[in-house]
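Numbering (the numbering used here), first residue to last: 1 to 205.
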């Protein structure tokens with residue numbers, strides 16, 4: 001059994017086709033995907049490989065071995081229809097946030113201001129659904145926002161760095177063949193995604 005832990009957005013919106021390719025290449029390897037943002041899975045030996053966005057490498061436990069991948073950026077997005085309405089003088093959008101996350105100061109003033117009434121969701125998928133429905137503006141990883149045909153990056157906003165993506169293993173586990181096969185495979189795929197992860201590959205008609 002090969003257990004891989006990674007944040008749900010990376011699993012569902014980026015790497016699942018690659019995992020599908022991997023299991024076709026290696027039909028004898030049983031895989032389990034654990035969608036989680038916690039590093040504890042590795043240190044408690046609950047997972048064999050962790051794929052994580054890590055802003056500060058020094059903050060990682062010393063017993064973890066890592067392959068550093070490309071940097072992940074995020075942007076600000078609205079539905080295309082809602083953005084057009086706003087640009088035509090329509091009402092200011094709401095700020096869409098996952099519960100427990102704050103509202104950026106810049107959204108309260110200037111040309112890009114939002115209403116003072118945020119809209120909160122419980123998780124990432126609900127956040128995407130809310131912005132698609134035209135409720136307002138939100139921040140998303142570029143690999144999600146730039147590839148969604150219903151969404152547009154808000155003009156006049158800057159990208160922000162989440163951090164590099166690391167492929168992490170622990171101790172003796174990293175020497176096993178199945179772990180080595182996966183870490184090398186995922187690292188190659190992540191490298192190929194570098195422009196998408198950096199917000200440099202918007203391809204729209």
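Virtual Cβ for every residue (Gly too), placed ideally from N, Cα, C. These numbers were taken from a predicted model, which means no experiment stands behind them.
Would you kindly work out how many angstroms separate the C-alpha atoms of residue 120 and residue 128, rounded to a whole number?
-> Along the chain shown, read from residue 1 onward, the residue named residue 120 stands at position 120. Along the chain shown, read from residue 1 onward, the residue named residue 128 stands at position 128. If you take the alpha carbons of residue 120 and residue 128, they lie about 11 angstroms apart.
So is residue 156 buried or exposed if we call it buried at 16+ other beta carbons inside 10 Å?
-> On the chain shown, position 156 is the one that residue 156 refers to. Label assigned to residue 156: exposed.
Using three-state DSSP, classify residue 24 as helix, strand or coil.
-> Here residue 24 is taken as the residue at index 24 of the chain shown, counted from 1. Three-state DSSP puts residue 24 in a helix.
CA nearest to the CA of residue 7, picked from 83, 154, 178, 72 = As a working note, residue 7 is residue 7 in the chain shown. Among 83, 154, 178, 72, the Cα nearest to that of residue 7 is on 72.
Can you tell me the Cβ-Cβ gap for residue 118 and residue 95, rounded? I've got them flagged as a contact below 8 angstroms.
-> What you label residue 118 is simply residue 118 of the chain shown in a count that begins at 1. What you label residue 95 is simply residue 95 of the chain shown in a count that begins at 1. The Cβ separation is near 5 angstroms, so the contact holds.
Compare the C-alpha of residue 148 against each of 22, 186, 133 and name the closest.
-> As a first step, residue 148 is located in the chain shown; it is residue number 148 there, counting from the start. The option with the nearest alpha carbon to residue 148 is 133.
Roughly how many angstroms lie between the CA atoms of residue 51 and residue 122, to the nearest whole one?
-> Taking the chain shown and counting its residues from 1, one reaches residue 51 at position 51. Taking the chain shown and counting its residues from 1, one reaches residue 122 at position 122. Approximately 23 angstroms between the Cα atoms of the pair.
Between 10, 4, 14, which lies nearest to residue 29 when the distance is taken from Cα to Cα?
-> Against the chain shown, residue 29 aligns to sequence position 29. Nearest C-alpha to residue 29: 4.
Determine the extent of the beta strand (DSSP E) in which residue 68 is found, giving its start and end residues.
-> Start at 1 with the first residue of the chain shown, and residue 68 comes out as number 68. Annotation: the continuous beta strand (DSSP E) that includes residue 68 extends over 64–79.
In this structure, does DSSP put residue 16 in helix, strand or coil?
-> Position 16 of the chain shown holds residue 16. Of the three classes helix, strand and coil, the one that applies to residue 16 here is helix, per DSSP.
Helix, strand or coil for residue 187, going by three-state DSSP, please let me know.
-> Looking up residue 187 in the chain shown gives position 187. Three-state result, residue 187: helix.
Outcome for residue 141 when other beta-carbon atoms lying within 10 angstroms are tallied against a minimum of 16 = By one-based count along the chain shown, residue 141 stands at place 141. Answer is buried; the Cβ neighbour count reaches 16.
Residue range of the alpha helix (DSSP H) that residue 144 falls in?
-> Within the chain shown, numbered from 1, the residue matching residue 144 stands at position 144. Its alpha helix (DSSP H) spans residues 142–145.
Anyone know if the C-beta pair for residue 176 and residue 49 falls short of 8 angstroms?
-> Your numbering for residue 176 matches position 176 in the chain shown. Your numbering for residue 49 matches position 49 in the chain shown. No; because the gap between Cβ atoms is not below 8 angstroms, this pair is not in contact.
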